[in-house]
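A.B. asks: Please find one structure pasted underneath; my questions will follow.
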Amino acid sequence: AQKITQTQPGMFVQEKEAVTLDCTYDTSDPSYGLFWYKQPSSGEMIFLIYQGSYDQQNATEGRYSLNFQKARKSANLVISASQLGDSAMYFCAMRGRLNTIIFGSGTRLSIRP
Amino acid sequence: ETGVTQTPRHLVMGMTNKKSLKCEQHLGHNAMYWYKQSAKKPLELMFVYSLEERVENNSVPSRFSPECPNSSHLFLHLHTLQPEDSALYLCASSQNYGGGGNQPQHFGDGTRLSIL
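Chain order of the listed sequences is L and E.
Per my numbering, the very first residue in the first sequence carries number 304; after that it's consecutive.
Per my numbering, the very first residue in the second sequence carries number -4; after that it's consecutive.
If you want it as C-alpha cells, here you go:
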C-alpha cells in the first residue's frame, strides 16, 4: 500500500529562520513522484515543488528545496529565510496508484515576527 | 485570473436541500478531480474524470453525484447530505490523468460546505 506520513502536526518558527517540514512515504513502485503543496487559511492549494524518484538532484524552487533521501524514503521540505506569509498548512503528496495523488495529513506552520 | 475557479466559495444547506458545486478550469487540462477535506483528516479523493469520462470513484456515497459535461467543467451535485459531509470541497485539474512525471494538480480555492 502507498502511504504518506507527516509527523509534525504543527510548528512555530521565528521569521527569517530556515524550517524543515518532514515527510516520509511508503511505496513499492520503483517510479513515483513527490509533491509539496501550501494551503493558506483561505483554502486554496498551491503547488510548491516536485521531486521525481529518478531525479539525481534535489529539487529547488526559489526559497523551497526538497531534501530527498530515497533510501530513507523521506522527502522533507526546506524553506529558507521564512517569511510571515509562509504561515499555512503544508501537505506532502505522492503520485500513487493509477497516477492519482495521495496526500499526508499536513503540517501547520506558523511564523513568528 | 486563476486557473481553476470554484463556485460558490461558501454554501450552507439543510439536509433535505439539493445544491451543486461548480468547477471550471482555464488551463486546457484533460483531467479533473474532486477532493473532500475534513478537519483533521487528510485530503480524500472522491472522483476523477479524464476526457469527460469518470475513471475513479472512491466509494463515495450516492448522495454525491459528479458530472463532467466537457473537459473544462466539473460539477458535484449534492442531495440529502448529512452533517458529517460538512467540509471543504476542492476541485483540481491536471494536464492528463496517468500522464506521470511532474504533472502537478492545480487546485481551486474550494467550496466550504456546512450542513445544518
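Glycine is no exception: its CB is placed at the ideal position from the N, C-alpha and C atoms.
Just so you know, these numbers come straight off a predicted model, no measurement behind them.
Would you call the stretch 8 to 20 of chain E and the stretch 324 to 336 of chain L touching, i.e. three or more CB-CB distances under 8 Å?
C.D. replies: no
A.B. asks: Under DSSP, the beta strand (DSSP E) around E/T0 begins and ends at which residues?
C.D. replies: Start at 1 with the first residue of the second sequence, and residue 0 of chain E comes out as number 5. That run of the beta strand (DSSP E) goes V(-1) to T2.
A.B. asks: Does DSSP put L/G388 in a helix, a strand or coil?
C.D. replies: For the purposes of this step, residue 388 of chain L is taken as the residue at position 85 of the first sequence. Three-state DSSP puts L/G388 in a helix.
A.B. asks: Drop a sphere of 10 angstroms on the beta-carbon of L/T410, count the other beta-carbons inside from all chains shown, and report buried for 16 or more, exposed for fewer.
C.D. replies: Working through the first sequence from its first residue, we reach residue 410 of chain L at position 107. Label assigned to L/T410: buried.
A.B. asks: Return no unless some Cβ of chain E is closer than 8 Å to the Cβ of L/T403.
C.D. replies: Residue mapping note: residue 403 of chain L aligns to position 100 of the first sequence, counting from 1. Output row for L/T403: interface = yes.
A.B. asks: Helix, strand or coil: which one does DSSP assign to E/D80?
C.D. replies: For the purposes of this step, residue 80 of chain E is taken as residue 85 along the second sequence, with counting starting at 1. Correct three-state label for E/D80: helix.
A.B. asks: Can we say the stretch 340 to 353 of chain L touches the stretch 9 to 24 of chain E, given the rule of at least three CB pairs closer than 8 Å?
C.D. replies: Contact between the stretch 340 to 353 of chain L and the stretch 9 to 24 of chain E is absent, with fewer than three C-beta pairs closer than 8 Å.
A.B. asks: List, in chain order, every chain L residue whose beta-carbon is nearer than 7 Å to that of E/P99.
C.D. replies: Within the second sequence, the letter at position 104 stands for residue 99 of chain E. Going along chain L in sequence order, the residues near E/P99 (Cβ under 7 Å) are F338, F350 and Y353.
A.B. asks: Kindly list, in the order they appear in chain E, the residues whose Cβ is closer than 7 Å to that of L/S408.
C.D. replies: Reading the first sequence from its first residue, position 105 is the one you call residue 408 of chain L. The answer, in chain order, is P37.
A.B. asks: Buried or exposed: where does E/E19 fall if 16 or more other Cβ atoms within 10 Å of its Cβ makes it buried?
C.D. replies: Position 24 of the second sequence, counted from the start, is the residue given in the question as residue 19 of chain E. Its Cβ being crowded by 16 or more others within 10 Å, E/E19 is buried.
A.B. asks: Out of E/R58, E/H68, E/E79 and E/Q1, which one is the CA nearest neighbour of E/A34?
C.D. replies: Mapped onto the second sequence, residue 34 of chain E falls at position 39. When each option's Cα is compared against that of E/A34, the closest is E/E79.
A.B. asks: Hey, out of E/V(-1), E/H21, E/H24 and E/Y28, whose CA is closest to E/L71's CA?
C.D. replies: One-based indexing of the second sequence puts residue 71 of chain E at position 76. Per the Cα distances, E/Y28.
A.B. asks: Since E/Q90 contacts E/N25 with CB under 8 Å, what's their CB separation in whole angstroms?
C.D. replies: Here residue 90 of chain E refers to the residue found at position 95 of the second sequence. Here residue 25 of chain E refers to the residue found at position 30 of the second sequence. Yes, E/Q90 and E/N25 are in contact; Cβ-Cβ is about 7 Å, under 8 Å.
A.B. asks: Which residues in chain L have a C-beta closer than 9 Å to the C-beta of E/G9? List them in chain order.
C.D. replies: By 1-based counting over the second sequence, the position of residue 9 of chain E is 14. Result: empty, since nearest Cβ-Cβ is about 23 Å, beyond 9 Å.
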